[in-house]
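Structure, as structure tokens:
Residue numbers (the numbering used here): 1 to 249.
Here's what the structure looks like:
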């Protein structure tokens, strides 16, 4: 009997096929790992360097006797976090300021369940998005930021089903004047969204912080050109009061 013969090319093709199979297997494994480890909010690139676990734990320690229920909360980045007179400025409302400096929309989205839900709030004032439009290489556009804010607001309505939501528009600042158009684009898009959502009230504050000819007023900011000084907070607070107090008193 004549032994069976192998076509001449088969011996050369087998190693190539094995390599290809190996590459495909590795790619499949990597794909699974990425799918499992990627954040569900899809915004890993927009997370800040703030240790949110530590900051949320610090908030929890402020309420050793339990969270005040049906309260009015302020949540967001440093424009709220540095607003040390917010409780006095918003009286007679009883408010609790949970602002955390340096944070992005993604930071707050990822911690809604631990930061907001335990209060079962009746109202939430929100200031998020400013640090997303940073002007840095990894910063977001106005449209991308607005999309993230809208996602956050929708999720906020889920975890705080009885709350009225007040979105405070992003301030235009000297330090980020180069991305002023992006800030305005984000504000305009979120305002349009708020017009379609009965539970979201858009709080305009930007105009109160500009000069009479529409320029950014550097006299309302501290030396970094990013954060308000006392005069800036006076205007910021009054703009918020004029909308929030009539709605909640």
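All residues carry an ideal CB built from backbone N, CA and C; glycine is no exception. Note that the structure is predicted; figures quoted are calculated from it, not measured.
Local Cβ density within 10 Å of residue i, reported as buried at 16 or more and exposed below that
{"i": "residue 171", "result": "buried"}
{"i": "residue 161", "result": "exposed"}
{"i": "residue 30", "result": "Unreliable placement is indicated for residue 30, whose pLDDT of 40 sits below 50; no coordinate value is reported for it."}
{"i": "residue 70", "result": "exposed"}
{"i": "residue 232", "result": "buried"}
{"i": "residue 92", "result": "exposed"}
{"i": "residue 86", "result": "buried"}
{"i": "residue 140", "result": "buried"}
{"i": "residue 104", "result": "buried"}
{"i": "residue 166", "result": "buried"}
{"i": "residue 109", "result": "buried"}
{"i": "residue 63", "result": "exposed"}
{"i": "residue 245", "result": "exposed"}
{"i": "residue 88", "result": "exposed"}
Rounded distance between the beta-carbons of residue j and residue i, thought under 8 Å
{"i": "residue 194", "j": "residue 148", "result": "The pair is not a contact, with the Cβ atoms about 15 Å apart (cut-off 8 Å)."}
{"i": "residue 125", "j": "residue 73", "result": "7 Å"}
{"i": "residue 142", "j": "residue 200", "result": "With 8 Å as the limit, residue 142 and residue 200 do not qualify as a contact, their Cβ atoms being about 18 Å apart."}
{"i": "residue 113", "j": "residue 159", "result": "6 Å"}
DSSP-derived helix/strand/coil call for residue i
{"i": "residue 251", "result": "The shown model of the chain, from 1 to 249, leaves out residue 251, and the question about it has no answer."}
{"i": "residue 72", "result": "strand"}
{"i": "residue 42", "result": "With a pLDDT of 38 at residue 42, under the threshold of 50, the predicted position of this residue should be treated as unreliable, and no value is reported."}
{"i": "residue 100", "result": "coil"}
{"i": "residue 247", "result": "helix"}
{"i": "residue 216", "result": "strand"}
{"i": "residue 236", "result": "helix"}
Residue i beta carbon near the ligand ADP (any heavy atom closer than 8 Å)
{"i": "residue 161", "result": "Looking for the ligand ADP in the displayed structure turns up nothing, as the structure carries no ligands at all."}
Using a Cβ distance threshold of 8 Å, determine whether the segment 58-65 contacts the segment 199-213, with at least three qualifying pairs required. no
Does the segment 86-99 come into contact with the segment 171-190, if we say contact requires no fewer than three beta-carbon pairs (one atom in each stretch) closer than 8 Å? no
Taking contact to mean 3 or more Cβ pairs, one atom from each stretch, closer than 8 Å, check whether the segment 179-188 and the segment 225-238 are in contact. no
4-residue-minimum alpha helix (DSSP H) runs that sit fully inside the segment 113-145, ordered along the chain: none
Are the segment 173-184 and the segment 127-147 touching by the rule of at least three beta carbon pairs closer than 8 Å? In this structure the segment 173-184 touches the segment 127-147; the number of beta carbon pairs closer than 8 Å is three or more.
Quick check for students: name the residue ranges of the beta strand (DSSP E) that lie wholly in the segment 161-214, counting only runs of 3 or more. 164-168 and 200-203
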